[in-house]
DNA sequence: GCGACAG
DNA sequence: ATCTTGTCGC
């Protein structure tokens, strides 16, 4: 028996071993209440496992595509790709081995959400982290209550997100016993679901894993600091 | 037709 | 996504 929390970060040959994991990235885009075309994109890099922010960049971006559930990638990826490319040329020493995205990966109508798009475009593994459940393949709110719940060390648990077809789209994850509402973890690419869940659970005690949380906090802080909110 | 709908 | 006050708990 092995504790899930100690599992490798991937099961493929190109396995990203935990021992090799030193940097985790996080991305998020925050919007302004009355503005639909101006937003702040943020990319952060945290040391692992200490979770200290070693890089944080915020940039105002022009949003040209509307928000349509299922098409989030068309609205946000280009800006996220830009930020990663800046990091690659500016601080190649801080390019993370994996990036957590505020959006789904496999948990998507076409099995290819924002996290999947980003991963492919930047050639870096990603983990999709959704805060609300995207109903796909028969998934619904009650699936959360009927789902098979697997207890995790630390008091948390993960809930299988299985659709009518039997497909395992992702996992509902509660960071610890105190967190009631789960986040929805799904594979972007370059990492297995169980490894993604194990990794997410090692990213703090808040409902949202630290990399995504930091990107969220910083992008919002940036907007306020520059007189938008 | 109706409901659901990541951020 | 964003708008909001107080409130409960470590």
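Numbering (our numbering), first residue to last: 75 to 303.
Idealized CB from N, CA, C, for every residue including glycine.
| residue 216, enclosing alpha helix (DSSP H) - first and last residue | Along the first chain, read from residue 1 onward, the residue named residue 216 stands at position 142. Counting along the chain, residue 216 sits inside the alpha helix (DSSP H) bounded by residues 215-220.
| query | When you compare only the Cα positions, how much space is there between residue 270 and residue 185? | reply | Start at 1 with the first residue of the first chain, and residue 270 comes out as number 196. Start at 1 with the first residue of the first chain, and residue 185 comes out as number 111. For residue 270 and residue 185, the gap between their C-alpha atoms comes out near 16 Å.
| request: Drop a sphere of 10 angstroms on the beta-carbon of residue 276, count the other beta-carbons inside from all chains shown, and report buried for 16 or more, exposed for fewer. | output: Working through the first chain from its first residue, we reach residue 276 at position 202. With 16 or more Cβ atoms within 10 Å of its Cβ, residue 276 is classed as buried.
| Which residue comes first and which comes last in the alpha helix (DSSP H) that contains residue 152? | Translated into positions along the first chain, residue 152 becomes position 78. Residues 146-164.
| What residue does the alpha helix (DSSP H) around residue 289 start on, and which one ends it? | Within the first chain, the letter at position 215 stands for residue 289. 284-299 is the extent of the alpha helix (DSSP H) around residue 289.
| said: As an exercise, report each continuous alpha helix (DSSP H) stretch of at least 4 residues that is fully enclosed by the segment 97-141, in chain order. | reply: Here no run is fully enclosed.
| query | Can you tell me whether DSSP reads residue 194 as helix, strand or coil? | reply | Mapped onto the first chain, residue 194 falls at position 120. Correct three-state label for residue 194: helix.
| said: Can you look up residue 275 in the DSSP assignment and give me helix, strand or coil? | reply: Indexing the first chain from 1 puts residue 275 at position 201. DSSP places residue 275 in helix when its eight states are reduced to three.
| C-alpha gap between residue 222 and residue 165, whole angstroms | Reading the first chain from its first residue, position 148 is the one you call residue 222. Reading the first chain from its first residue, position 91 is the one you call residue 165. Put simply, the backbone Cα of residue 222 is about 43 Å away from that of residue 165.
| said: According to DSSP, simplified to helix, strand and coil, what is residue 181? | reply: One-based indexing of the first chain puts residue 181 at position 107. Three-state DSSP puts residue 181 in coil, outside helix and strand.
| query | Ordered along the chain, which non-local residues of its own chain (more than five positions away) have a Cβ less than 7 Å from that of residue 81? | reply | Your numbering for residue 81 matches position 7 in the first chain. The predicted model places residue 81 with a pLDDT of 47, which falls under 50 and marks its position as unreliable, so this point remains unresolved.
| So, helix, strand or coil for residue 240, using DSSP? | Numbered from its first residue, the first chain carries residue 240 at position 166. Three-state result, residue 240: coil.
| Contacts around residue 193, its chain only, beta-carbon distance under 7 Å, and the 5 residues preceding and following it disregarded | Sequence index remark: in the first chain, residue 193 carries index 119 (1-based). 199, 200, 262, 263 and 264, listed in sequence order.
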